[in-house]
Structures are given as structure tokens and as C-alpha cells.
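Anchor point for the sequence shown: position 101 equals 366 in the numbering used here, and the numbering is continuous, going up by one each time. Cβ coordinates follow ideal geometry from the N, Cα and C atoms, glycine included.
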Amino acid sequence: MKSFLVRGVPASIQTDSWWMGGITRRLPLVGIAYFKLAGNILGWAETVWMIFWMAVVATCVLGFLVWRLVLRPVYALTEHAKAVKAGARDAPVPRHYGTPELSELGQAVIDMGSTLQDREAGLRAYTNHVTHELKSPLTSLIAAAELLEAESAPKDREELIGTVQRSAFSMRDKLEALRHLSAAREPVGRGPAQLSQVVETVRDEAGIEVTLEGEAQVPMDAGALAAILGHLAQNAAAHRATALRITAQGQQIRVADNGPGIEDGNRARIFAPFFTTRRNDGGTGMGLTIVQTMLGAVDGRIDLLPSDSGAVFELHF
Numbered sequence: 266m267k268s269f270l271v272r273g274v275p276a277s278i279q280t281d282s283w284w285m286g287g288i289t290r291r292l293p294l295v296g297i298a299y300f301k302l303a304g305n306i307l308g309w310a311e312t313v314w315m316i317f318w319m320a321v322v323a324t325c326v327l328g329f330l331v332w333r334l335v336l337r338p339v340y341a342l343t344e345h346a347k348a349v350k351a352g353a354r355d356a357p358v359p360r361h362y363g364t365p366e367l368s369e370l371g372q373a374v375i376d377m378g379s380t381l382q383d384r385e386a387g388l389r390a391y392t393n394h395v396t397h398e399l400k401s402p403l404t405s406l407i408a409a410a411e412l413l414e415a416e417s418a419p420k421d422r423e424e425l426i427g428t429v430q431r432s433a434f435s436m437r438d439k440l441e442a443l444r445h446l447s448a449a450r451e452p453v454g455r456g457p458a459q460l461s462q463v464v465e466t467v468r469d470e471a472g473i474e475v476t477l478e479g480e481a482q483v484p485m486d487a488g489a490l491a492a493i494l495g496h497l498a499q500n501a502a503a504h505r506a507t508a509l510r511i512t513a514q515g516q517q518i519r520v521a522d523n524g525p526g527i528e529d530g531n532r533a534r535i536f537a538p539f540f541t542t543r544r545n546d547g548g549t550g551m552g553l554t555i556v557q558t559m560l561g562a563v564d565g566r567i568d569l570l571p572s573d574s575g576a577v578f579e580l581h582f
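As C-alpha cells, then:
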């Protein structure tokens, strides 16, 4: 018998493959011989037909299992990915993944799509806010520049120059706040950190009295936790609060100040970017937004609790 070797493939591997192929080709004959000779019950024709239908049934069962456990979940996952790509928020989710490996892969793809959609929605919302907030000082700059080109009294020119400076400073502050917000969206260290480690830092930076009741260990590094509590303390100090009380219980941290509190009409908007009641005092309205974003980076959240006096926030990790 002639053997043909393929150039570049070791002869030993080709020889093994030839023997395996020969065995595979001889399996039907072995089966027929077994059923024919085992008791000589079946004839040659019956034996061949039985082997044939056994092969057909086995092929159908294997084909059904491949479709049920592999093909159908993959097709459903493909449709889900196409719907997410098209921007659908209610993309169909596969009902069955077949195998644990496909289940893990499918859930990872779904989570990834949801995360990307949330980021895109957040980016669009921030872009709209930036456009709206920068439009006012930019309009003032353009108007002041046009008036400065014309002949005007020295007093009017001083007022126009002041308008230009205030508008420029306002735009600078908003862009700086956006830079801080962008940094807050980056993943923070997972820690853990003890709450008592950062209280002294918060007290020094905010310049108000800070007291701690209890202890908590949070899933972020000490720097990120200090930044979050620092924003809350500085926000309280900016609204005339003189003391901040931090109470820890389990994975919840309650932060309460003794300031004037938050008006009912503003409670639904305090976490919105650029919302502030201190615009004339230089407030940018981004502090609570940054806190919310940093907590979201570690799957946490911040809630505003009802209170008779002062502002009370609760952090969940």
C-alpha cells in the first residue's frame, strides 16, 4: 500500500493519523460483524439496517443537543448584541444559555452592554449640561466683546471688562469641575479602608467640627473615602454648617450637619450636575455629583434622608 507524506508534517504524526482514519473507517464493519456473529441471531441485512438507524438516532440526538445547548443561545445572544448596538434599551435577553460556560459568557456580554449604555447615557447628559451651562457666560463674552469694539464711556468699558472677566472665571470654574468629575469616573482603589482613618483629614480640610460614632470598613481606598466625605463636609460648611456628625453602622454611613437644611423644592435636584443655590458665591453644583459618581464606581450609592434640621445623607456600600 502506498503512503503519501505531506511536506512539513512529521511522518510519525501522519502515520498515526492514517491508522486512526483506518480504524474509524472500519468501525461500521466491526459493528456489523459483532451483531452478526454474536449468537448469529440477526442476518446481514437486519444487522446493517439496525446499525444505520442507530446512527440516525444518535445523529439526531446529538444535533438536537448542539442546537439546544450551543446554537440557540449563541443566536439569541447575537440578537441581543445587535439590539444593543442599535441603541435599544429593552434588548431581548436569552432565556436559556445551555451550559454553565455559555451562561457565564452570556451574562458577561449582557452586563457589558448595560454598562456601555449607562456610560453613553451619562456622557450625553453631561454633554447637554455642559452645553447649557457654558452658553450663558459665552453669550456674555460675545456681547461684551461687541460692545467694546464700539465707542463707549470709560465707566461702561470698565463694566464690560468686568463682565468679560466674570464670564471667563465662570467658564474656568465649570471646566475645572468637569475635570474633577471626569477623574471621579475612573475606577478607585478597592481598599478596604477604615472610616476612622480619614476623619482627621476631613476635619482639617473642611475646617468644621467633625465627630465620628461607630466604625466601618468600606470597599475603597482611604484617599477616595476621604474625598467623598471631604466633599460632603465642604458642602456643609459652604451652607453655614459648623458641625458634621458621621455615624457608621455596618456598610452604611450617615452624614448629618447642623446647617439650614435643603428646601423641599430642591431635594429632587441636588444630585443633578451644575445645580447649586450658591451660584453668586462661586458654587459650581458638582460636589454631590462627584460624590455620587465615585460611589457608583464601587457599586455604592448616596441617598438624601428626610430631616427636621440640617442635611442628612446616607452612604451605602
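{"Query": "Rounded to whole angstroms, what is the Cα-Cα separation between Leu-327 and Val-335?", "Result": "11 Å"}
{"Query": "Can you list, in chain order, the residues of its chain whose CB lies under 6 Å from that of Gln-499, leaving out five sequence neighbours each side?", "Result": "Ala-471"}
{"Query": "Go ahead and pull the three-state DSSP assignment for Arg-505.", "Result": "coil"}
{"Query": "Hey, Ala-487 and Val-463 are a contact pair by Cβ (cut 8 Å); roughly how many whole angstroms apart?", "Result": "5 Å"}
{"Query": "Shortest alpha-carbon distance to Ile-511 belongs to which of Ile-527, Leu-490, Ser-401, Gly-530?", "Result": "Leu-490"}
{"Query": "For His-581, write down the residues that DSSP places opposite it in a beta bridge.", "Result": "Gln-517, Arg-566"}
{"Query": "Closer than 8 Å is the cut-off here; do at least three beta carbon pairs connect the segment 339 to 348 with the segment 363 to 376?", "Result": "yes"}
{"Query": "From the DSSP secondary-structure annotation, give me the bridge partner or partners of Glu-369.", "Result": "In DSSP, Glu-369 forms no bridge with anything."}
{"Query": "Taking the alpha carbon of Val-563 as the point to measure from, which residue in Pro-484, Glu-424, Leu-460 has its own alpha carbon closest?", "Result": "Pro-484"}
{"Query": "Out of Leu-497, Met-319, Thr-324, Arg-354, state which residue places its alpha-carbon closest to the alpha-carbon of Leu-381.", "Result": "Arg-354"}
{"Query": "In whole angstroms, give me the CA-to-CA distance for Glu-474 and Ser-401.", "Result": "37 Å"}
{"Query": "Rounded C-beta distance between Ile-407 and Leu-460? I'm assuming under 8 Å.", "Result": "About 49 Å; that fails the 8 Å criterion."}
{"Query": "By DSSP, does Met-315 sit in helix, in strand, or in coil?", "Result": "helix"}
{"Query": "Would you report the Cα separation of Thr-542 and Leu-509, rounded to the nearest angstrom?", "Result": "20 Å"}
{"Query": "For Arg-505, which residues in the same chain have their Cβ closer than 6 Å to its Cβ, ignoring the five residues on either side in sequence?", "Result": "Gly-524"}
{"Query": "Excluding five sequence neighbours on each side, which residues of the same chain lie with their C-beta closer than 8 Å to the C-beta of Ser-379?", "Result": "none"}
{"Query": "Identify whether Ala-458 lies in helix, strand or coil by the three-state DSSP scheme.", "Result": "strand"}
{"Query": "Hey, His-581 and Gly-565: beta-carbon distance below 8 Å or not?", "Result": "yes"}
{"Query": "With H, G and I counted as helix, E and B as strand and the rest as coil, what does DSSP make of Glu-478?", "Result": "strand"}
{"Query": "Hey, quick one: how far does the alpha helix (DSSP H) through Met-559 stretch, first residue to last?", "Result": "552 to 561"}
{"Query": "How many angstroms separate the CA atom of Ile-288 from the CA atom of Val-358?", "Result": "Its pLDDT being 47, under 50, Ile-288 is placed unreliably in this model, and the coordinates cannot settle the point."}
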